[in-house]
Amino acid sequence: MNNQTSVYRPTFTKVDFFIIFGTAVFPPVFLAVGLLQVVASHRFSYRKGSNYSLLSTLLVMTFLWIFIYAYFVSFAGLESSIRTKETQSLMLIVAMFCLPLIVAFQVMSMRANTYFKGLETSYKELLLNQDHDEIAEIARRVNRKPEQATQDIMFLMQENTLPSGTIEDGIIYWDGEDEEEEEEEEEEQEQEQEQEDDESNNDEDTLEVETDSSQKAEQEAAAESSLIRSIPSKLPKSTQCVGCGSKVILQPEESKECEYCGSWLNYM
């Protein structure tokens, strides 16, 4: 699973921009449409900040529309100075009503966005760093209902602030997770095969060493046997000279002349 994700930044949707543009043209209709949009989507935590900001923007558009309509339509038949004065008086009254609401909505928008950003951080910590995958446990840790946590997580997946995946039976399944598990299994199998090959090679090397040792031992035994066979089986003995009677030591198969009388003596 790829843990590299972006950070969610609240923005208006295409529908929101359409409503804002329509309110600038004809507020009586599009202001009501904007209120319906807010009511329909306000149950989602990720929409609350944008909804408050949308209401604030619609009030600004309405304020500007009232100013333009009053100056160019409602007070068009009055003298210039009177028209300006009447328009200013009307806008002051409208501003006293709209300005507090605009400020309040902006404050509420910032608070709602801050809250959801905190939720986003908590979700990333639980899902990516702590590897939790049960919605019930995640919802308990962030103090949310399971259905709310499901909505939040699915939205963050759509916004690419969380890796893509699906939620089935309260369990989160990341896309590509099965492929990663298969790759890990293949790597483990390859490592096991390499270990078996290494052990087999070690056994062959050991067998070769044992064979060489056995052959060497056989050769040494054969050399010792040959050496033993080469040792004479007869021992030196003392022989009496037939000429002078002196004793002479003869080696096996040796013949030599008596040093006293010159007679030849043979090993018998």
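Start counting at 1 in the sequence shown, then tack on 258, and there's your number in this note's numbering.
Yeah, the Cβ is synthetic: ideal placement off N, Cα and C, and Gly gets one too.
For clarity, every value in this text was computed on a predicted model and none was experimentally measured.
Candidates the options: closest to residue i by CA position
{"i": "Arg267", "options": "Phe279, Ala282, Lys306", "result": "Lys306"}
{"i": "Ala328", "options": "Phe302, Thr345, Ile411, Glu395", "result": "Thr345"}
{"i": "Ser422", "options": "Phe413, Trp432, Gly428", "result": "Trp432"}
{"i": "Ile278", "options": "His390, Ser314, Ser264", "result": "Ser314"}
{"i": "Glu511", "options": "Val500, Leu493, Cys499, Glu517", "result": "Leu493"}
{"i": "Ile430", "options": "Gln409, Ala353, Gln449, Glu417", "result": "Gln409"}
{"i": "Val283", "options": "Phe302, Trp323, Lys272", "result": "Trp323"}
{"i": "Ala353", "options": "Gly280, Leu317, Ser521", "result": "Leu317"}
{"i": "Ser308", "options": "Asp455, Gln388, Val365, Glu454", "result": "Val365"}
{"i": "Asn604", "options": "Arg398, Gln453, Phe302, Ile351", "result": "Outside the displayed span of the chain (259 to 526) sits residue 604, for which this structure offers no information."}
For residue i, three-class secondary structure by DSSP
{"i": "Glu511", "result": "coil"}
{"i": "Val506", "result": "strand"}
{"i": "Thr419", "result": "coil"}
{"i": "Leu313", "result": "helix"}
{"i": "Tyr431", "result": "strand"}
{"i": "Ile489", "result": "Residue placement at Ile489 cannot be trusted, given a pLDDT of 47 that sits under 50; what the coordinates show is reported in the next sentence. Correct three-state label for Ile489: coil."}
Status (buried if at least 16 other CB within 10 Å, exposed otherwise) for residue i
{"i": "Asn401", "result": "exposed"}
{"i": "Ile489", "result": "Since pLDDT at Ile489 reaches only 47, below the 50 mark, its modelled position is unreliable, and no value is offered."}
{"i": "Val297", "result": "exposed"}
{"i": "Ser367", "result": "buried"}
{"i": "Leu294", "result": "exposed"}
{"i": "Pro285", "result": "buried"}
{"i": "Ile393", "result": "buried"}
{"i": "Phe355", "result": "exposed"}
{"i": "Leu377", "result": "buried"}
8 angstroms Cβ cutoff met for residue i and residue j
{"i": "Leu384", "j": "Ile396", "result": "yes"}
{"i": "Tyr310", "j": "Phe363", "result": "yes"}
{"i": "Leu289", "j": "Thr320", "result": "yes"}
{"i": "Leu312", "j": "Phe270", "result": "yes"}
{"i": "Val506", "j": "Cys516", "result": "yes"}
{"i": "Ile340", "j": "Tyr381", "result": "no"}
{"i": "Met349", "j": "Phe333", "result": "no"}
Every unbroken alpha helix (DSSP H) within the segment 362-405, with a cutoff of 4 residues, ordered by chain: Qualifying alpha helix (DSSP H) stretches, in chain order: 393-399.
Would you mind listing the beta strand (DSSP E) stretches within the segment 262-304 that are 3+ residues and don't spill past its ends, in chain order? Secondary structure in the segment 262-304: no beta strand (DSSP E) run of 3 residues or longer lies completely within the stretch.
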